[in-house]
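Trainee: Below you will find the structure I want to go over with you.
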Amino acid sequence: MTTPDEKPFPERLRMPATPVLETERLILRPLRESDAPVIQRRFPQWEIVQYLHNEVPWPYPDDGAAVNMAQCAEKMAKRQQCYWAITLKGGDDELIGRIDLWADDGVRRDQRGFWLDPAFWGRGLMTEAANRVTDFALVELGWPHLWLSNAEANIASHRVKEKQGATVIERTPRGYVSGPGTKVTWLLTREAWIAHKAPPP
Ligand SMILES: CC(C)(COP(=O)(O)OP(=O)(O)OC[C@H]1O[C@@H](n2cnc3c(N)ncnc32)[C@H](O)[C@@H]1OP(=O)(O)O)[C@@H](O)C(=O)NCCC(=O)NCCS
């Protein structure tokens, strides 16, 4: 249902139901409403939010995760976006981070978002999660490309894209939780991804 002043969601941007995806060390499973309390516990950390866009409320309110979860649940139900909880294989199924994917609307030039609890940083886990979601988008869904972006100062996020074979397209001003910054926009084509993911000969 759409309200009179709300534009209908274009069918061409409709996503499949979020599938369970597996990597060597991770299970990426659909986000669920019961994940909200653990997100409220893990997400509001300066290291996580500093380079996120300034639509993220900061200081993070007590109902921040619940409010965001309601928005995610609606978009998932309407097949507008895929949302995965990142969980450790062989673990207790608890969310340690999140990765999201949506279709190219021709305007936004951004199609993937992710964060991980700092307790798990520096082990290549987001590289692993992002690679699996990228393969889902560019190989399983057959998309021709992915638009990606990050704050220029966000070296780890920059590096995940660089390693995947993405190319910097432009740098533009953007507001982040930490203040004004520069947004780097990248394009990752299916061809570049396939070339980069191939194991070395
Ligand atoms: C971005 C983020 C998800 C990376 O998670 P991670 O699991 O630690 O990433 P990885 O271990 O896969 O590392 C990715 C690359 O970044 C590099 N890297 C990580 N932190 C770095 C740092 N502080 N300085 C330089 N390089 C860094 C890693 O060495 C690795 O590159 P390499 O394989 O060449 O060594 C994590 O830092 C995070 O949650 N940040 C906050 C949220 C965020 O910024 N999301 C992205 C918004 S665009």
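According to numbering that gives the first Met the number 0, the sequence shown is numbered sequentially starting from 0.
Quick reminder that beta carbons are idealized off the backbone N, C-alpha and C, glycines included.
Where does R108 fall in DSSP's three states?
Mentor: R108: coil per DSSP, three-state reduction.
Trainee: Name the DSSP bridge partner or partners of S148?
Mentor: In DSSP, S148 forms a bridge with T184.
Trainee: Tell me which residue opens and which closes the alpha helix (DSSP H) that R131 is part of.
Mentor: Counting along the chain, the alpha helix (DSSP H) containing R131 begins and ends at L124 to D134.
Trainee: Quick one: measure Cβ to Cβ for W114 and R97, integer angstroms, because I've assumed they're closer than 8 Å.
Mentor: W114 to R97, Cβ: 6 Å. Contact.
Trainee: Closer than 6 Å to a non-hydrogen atom of ligand 1 - does that hold for the CB of W101?
Mentor: Result no, Cβ not under 6 Å from ligand 1.
Trainee: How long is the line joining the alpha carbons of M0 and P7, rounded to whole angstroms?
Mentor: Caution applies to M0, whose pLDDT of 48 falls short of 50 and renders its modelled position unreliable; the value that the coordinates give is listed next. Distance between the alpha carbons of M0 and P7 is about 8 Å.
Trainee: Whole-angstrom Cβ separation of D201 and R41, contact assumed at under 8 Å?
Mentor: An answer regarding residue 201 cannot be provided, because it is not within the stretch 0 to 200 covered by the chain.
Trainee: How about V176: is its Cβ closer than 6 Å to a heavy atom in ligand 1?
Mentor: It does not: the Cβ of V176 is nowhere closer than 6 Å to a heavy atom of ligand 1.
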